[in-house]
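Some notes on the structure that comes next.
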Amino acid sequence: MRSNSGFTVIELLVALAVAAILLALAAPAFTGMFASYRLTSTTNDLINAIGLTRSEAIKRNRSVTLCRTDAAGDDTCAATEGAWNSWIIVAPGADVIRRGEPGLTGSNLRIESAFASETLSYAPDGSPSQNAAFTVCTPLDVADNRRIVDIGPGSRISTTRAAGGCS
Numbered sequence: 001m002r003s004n005s006g007f008t009v010i011e012l013l014v015a016l017a018v019a020a021i022l023l024a025l026a027a028p029a030f031t032g033m034f035a036s037y038r039l040t041s042t043t044n045d046l047i048n049a050i051g052l053t054r055s056e057a058i059k060r061n062r063s064v065t066l067c068r069t070d071a072a073g074d075d076t077c078a079a080t081e082g083a084w085n086s087w088i089i090v091a092p093g094a095d096v097i098r099r100g101e102p103g104l105t106g107s108n109l110r111i112e113s114a115f116a117s118e119t120l121s122y123a124p125d126g127s128p129s130q131n132a133a134f135t136v137c138t139p140l141d142v143a144d145n146r147r148i149v150d151i152g153p154g155s156r157i158s159t160t161r162a163a164g165g166c167s
């Protein structure tokens, strides 16, 4: 008498059906998790760009500007207001120090600023030209769908989480 080992087709189909049901229940949670990860990652990229702008101003002993551009390859700051889909760090009379694209393609993220002229400049002593904020948000249904990056007195950068609409 031989013993059979392995699965029958029916047992395999039942296992696949259970796995599919569990995956369908978990998918919305993963969507929220990935949206929250992208939001945090983009916010950290922005904070790093602010820090680099400040350190370059101090290192070069001249004013350095972080500004929004109209397109990814532009070497000049945008003249109009809009979303920060690409940015540059530039010192007057110098080439672009660094370019950035927050990787917004397909992620539904939006970056906005409250800066005059869509620029943030740092003086050679490391002080910002203005105290204002960036807002990074996603319209997806996740808890605390906004990150607010404040640049305050003494070049202090703070980040807060908030809920609300994403324009």
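Residue numbers for the sequence shown follow UniProt numbering, beginning at 1 and rising by one.
We put the CB at the ideal spot given by N, CA and C, even for glycine.
Bear in mind the structure is a predicted one, so any value in this text is a computation, not a measurement.
Looking at the secondary structure, which residues open and close the alpha helix (DSSP H) in which residue i lies?
| i | result |
| --- | --- |
| E56 | V9 to R60 |
Inspect the beta-carbon positions of residue i and residue j and report whether they are closer than 8 angstroms.
| i | j | result |
| --- | --- | --- |
| L109 | W87 | no |
| Q130 | A116 | yes |
| T119 | T43 | no |
| S55 | P124 | no |
| A79 | T69 | no |
| W84 | S113 | yes |
Could you give the residue range of the beta strand (DSSP E) that holds residue i?
| i | result |
| --- | --- |
| A162 | I157 to A162 |
| C67 | V64 to R68 |
| S121 | T119 to Y122 |
| V136 | A132 to C137 |
| G100 | V96 to G100 |
What does the alpha-carbon distance come out to for the pair residue i and residue j?
| i | j | result |
| --- | --- | --- |
| R38 | V136 | 10 angstroms |
| D45 | E101 | 9 angstroms |
| S128 | P92 | Checking the sequence shown, residue 128 turns out to be Pro, not Ser. Rounded to whole angstroms, P128 to P92 spans 16 angstroms at the Cα level. |
| G73 | T53 | 19 angstroms |
| V9 | F34 | 35 angstroms |
| T76 | V96 | 9 angstroms |
| N61 | A94 | 13 angstroms |
| L12 | A71 | 52 angstroms |
| L22 | S5 | 27 angstroms |
| L16 | F134 | 46 angstroms |
| R161 | G82 | 22 angstroms |
| V14 | S155 | 60 angstroms |
Closer than 7 angstroms by C-beta to residue i: which residues in its own chain qualify, once you throw out the five before and the five after it? Chain order, please.
| i | result |
| --- | --- |
| G164 | R146 |
| A57 | S63, V64, Y122, A123, P124 and G126 |
| G152 | N131 and S158 |
Apart from the five residues just before and just after residue i, which ones in its own chain have a Cβ nearer than 6 angstroms to its Cβ?
| i | result |
| --- | --- |
| P139 | N108 and C166 |
| A29 | none |
Which of helix, strand or coil does DSSP assign to residue i?
| i | result |
| --- | --- |
| P153 | helix |
| A116 | helix |
| T80 | coil |
| P128 | strand |
| V142 | coil |
Please work out which residues of its chain come closer than 8 angstroms, Cβ to Cβ, to residue i, disregarding the five sequence neighbours upstream and downstream, and give them in chain order.
| i | result |
| --- | --- |
| R98 | A49, L52, I88 and I89 |
| I47 | V149, I157 and T159 |
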